[in-house]
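Novice: To start, I am sharing the structure in question, which I have written as structure tokens.
2 protein chains.
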Amino acid sequence: MRNAGGERGLMNIGILGSGVVGQTIGAKLVERGHDVVLGTRSDKLDDKRGFGSSLREWLQKTGGKGRLATFAAAAAHGEVVINATAGMASLAALKLAGDGNLKGKILIDVANALDFSKGMPPTLAVSNMDSLGEQIQSALPQVKVVKTLNTMTASLMVDPGQLAGGDHHVFVSGNDAAAKVRVVELLKSWFGWRQVIDLGDITTARGTEMILPLWVRLWGALGTPMLNFKIVR
Amino acid sequence: MRNAGGERGLMNIGILGSGVVGQTIGAKLVERGHDVVLGTRSDKLDDKRGFGSSLREWLQKTGGKGRLATFAAAAAHGEVVINATAGMASLAALKLAGDGNLKGKILIDVANALDFSKGMPPTLAVSNMDSLGEQIQSALPQVKVVKTLNTMTASLMVDPGQLAGGDHHVFVSGNDAAAKVRVVELLKSWFGWRQVIDLGDITTARGTEMILPLWVRLWGALGTPMLNFKIVR
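This is the structure in structure tokens:
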């Protein structure tokens, strides 16, 4: 379903999670004219959200066009839903979002199950024989989960041209071929991605999730999170 | 200690493991004039070694200059020793190599603990809270372990110029700063590496070892193992 601006590809988008990732993706999609609802459990508009702004600042940043709601309302709103929650909270957040509000939809999963409870740098709460992407797909069999964008910092997700004119890669993993084709289109039209690699089914999310420990160390070694992987061949 | 050609930087090098990785590194180092002993448990000269050649073919390829020996003799021979065994066999191989033959030396660890016992693609026998590099450093506290080259196919390890003129990265991890500086020099002089990132101490080997699941999937998606990661910033 397209909204009133359908001929320009404008969409209703639900984003679960109001930290820096959800805020960054949400603000960019509002900027591009989409109707965005950010799902959050927080009602504290003035608290800083981790690496992100306060929710009040986010609302201001969107010129009042972005909206806040519950996870369930955000999921119901979205033609496409984006999981931008902290990975260790994703399954609980998706439960709150509700099967019925997600059923049949594409769920773009950008989360990483980073576990900060054992000290820094974080480890992964799930890896190797399983992945968060697979756990979400198993929990929501009627949802088309596409894992992507989880291999970089939020700012780059929505503006890859900031680095090397966009000459680096983003990956997609998912079981539904048509949903992946659609997400690749969205990555290109929403954010300007030029280089997307389809890794295969949702089990390939193990690969992109397990790149996080290297990514964290590269941030440390290079002194900036503004980095990404280019696959040279 | 340098051998007769010391002014040209020629060295005695011990390589543990006679599969495709050990063979490829060994042949390249022989080609560059070094005195290479390949350590192996095999005495079957005509059996194909996994993805590699038979040991007889390897000896022929080196023009008779490469030599075969036990792990212990190869370790004793090397001023620098390279662990090119299969990761799941590395600790046992290093035990056979012997503490006394390795003590005080740089051990370049290029192995990955790929576990093929649970089907394809392989999983990792150690990851997330630990790494093979760390396990080796713990088992051999008097050895200077430097993890490197484990993020690509053997052919690229020794000839990065094959792809994009060498415009992609190799990583080093290790606790001994001087040993890492030396290994970076060797990567450049032996193989022509231009871009090396020092990730930090040996715990950063978790990052490069955990990239393997993505690497395996990229091979599948792209249809070739001739690929590498470039860190774009």
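Order-wise, the sequence lines are chains G and H. Okay, so the first sequence: first residue is 28 according to our numbering, each after it adds one. Okay, so the second sequence: first residue is 28 according to our numbering, each after it adds one. Quick reminder that beta carbons are idealized off the backbone N, C-alpha and C, glycines included.
#1: Which residue from R260/G, G91/G, A152/G and G41/G puts its Cα closest to that of E106/G?
#2: Hey, does F256/G have any beta-carbon neighbour from chain H nearer than 8 Å?
#3: Name, please, each residue of chain G whose Cβ falls closer than 9 Å to the Cβ of S154/H.
#4: Just the chain H side, please: which residues come within less than 8 Å of L190/G by C-beta, in chain order?
#5: At a Cβ threshold of 8 Å, is A206/H touching chain G?
#6: Tell me which residues of the stretch 63-79 of chain G have at least one Cβ-Cβ distance to chain H shorter than 8 Å, keeping chain order.
#7: Should M147/G be listed as close to the ligand ATP, given that the test is whether its C-beta is under 7 Å from any heavy atom?
#8: When DSSP labels each residue in this structure, what does I238/H get in the three-state scheme?
#9: Quick check: the Cα distance between W85/H and L249/H, rounded to an integer number of angstroms?
#10: Looking at V64/G and T89/G, is the spacing between their C-beta atoms short of 8 Å?
#11: Straight-line CA distance for F198/H to G79/G?
#12: Quick test of the definition: if touching needs 3 or more C-beta pairs under 8 Å, does the stretch 120-138 of chain G touch the stretch 153-171 of chain G?
#13: If Q222/H sits next to H195/H, beta carbons under 8 Å apart, how far is it from one beta carbon to the other, in whole angstroms?
#14: If you measure between the beta carbons of D70/G and S81/G, is that distance less than 8 Å?
#15: What do you get for L72/G, buried or exposed, if any count of 16 or more other CB atoms within 10 angstroms of its CB means buried?
#16: Rounded to whole angstroms, what's the CA-CA distance from A97/G to N128/G? Just pull it up for me.
#17: Could you name the residues of chain G that R94/H contacts, counting a contact when the two beta carbons are closer than 9 Å?
#18: Chain C beta carbons: is any one of them nearer than 8 Å to that of R233/G?
#19: Hey, would you say L13/G sits closer than 8 Å to L167/G, going by beta carbons?
#20: Could you please give me the residues that DSSP links to T175/G through a beta bridge?
#21: Considering only C-alpha positions, which residue in the set N177/G, R233/G, M253/G and G219/G is nearest to R59/G?
#22: So within the stretch 83-134 of chain G, which uninterrupted alpha helix (DSSP H) runs reach at least 4 residues, ignoring any that extend past its ends?
#23: In terms of DSSP beta bridges, what is F256/H paired with?
Specialist: By the coordinates alone:
#1: For the residues R260/G, G91/G, A152/G and G41/G, the minimum Cα distance to E106/G belongs to G41/G.
#2: Yes, because at least one Cβ of chain H sits closer than 8 Å to the Cβ of F256/G.
#3: S154/H reaches chain G at L151, S154, N155, M237 and P240, counting residues in chain order whose Cβ is nearer than 9 Å.
#4: What L190/G touches in chain H: V259 and R260.
#5: Not one chain G Cβ lies under 8 Å of A206/H.
#6: So nothing in the stretch comes that close.
#7: Ligands in the displayed structure: none, and consequently the ligand ATP is not present.
#8: I238/H: coil per DSSP, three-state reduction.
#9: Cα to Cα, W85/H sits roughly 29 Å from L249/H.
#10: In this structure, V64/G does not lie closer than 8 Å to T89/G by Cβ.
#11: Their Cα atoms are separated by approximately 31 Å.
#12: The count of Cβ pairs closer than 8 Å, one atom from the stretch 120-138 of chain G and one from the stretch 153-171 of chain G, reaches three, so the stretches are in contact.
#13: About 7 Å separates the beta carbons of Q222/H and H195/H, which is inside the 8 Å limit, making them a contact pair.
#14: Using a Cβ distance threshold of 8 Å, D70/G and S81/G do not count as a contacting pair.
#15: It counts as exposed.
#16: Contrary to the premise, residue 97/G reads as Thr rather than Ala in this sequence. A straight line joining the alpha-carbon of T97/G with that of N128/G spans about 12 Å.
#17: Simply none; closest approach about 35 Å.
#18: No chain C is present in this structure, whose protein chains are G and H.
#19: In the structure displayed, chain G extends from 28 to 260; residue 13/G sits before or after that span and is not available.
#20: Per DSSP, V199/G.
#21: Here the closest residue by C-alpha is G219/G.
#22: Whole alpha helix (DSSP H) segments, 4+ residues: 98-104, 117-124 and 126-129.
#23: For F256/H, which the question treats as bridged, DSSP gives the partners I258/G.
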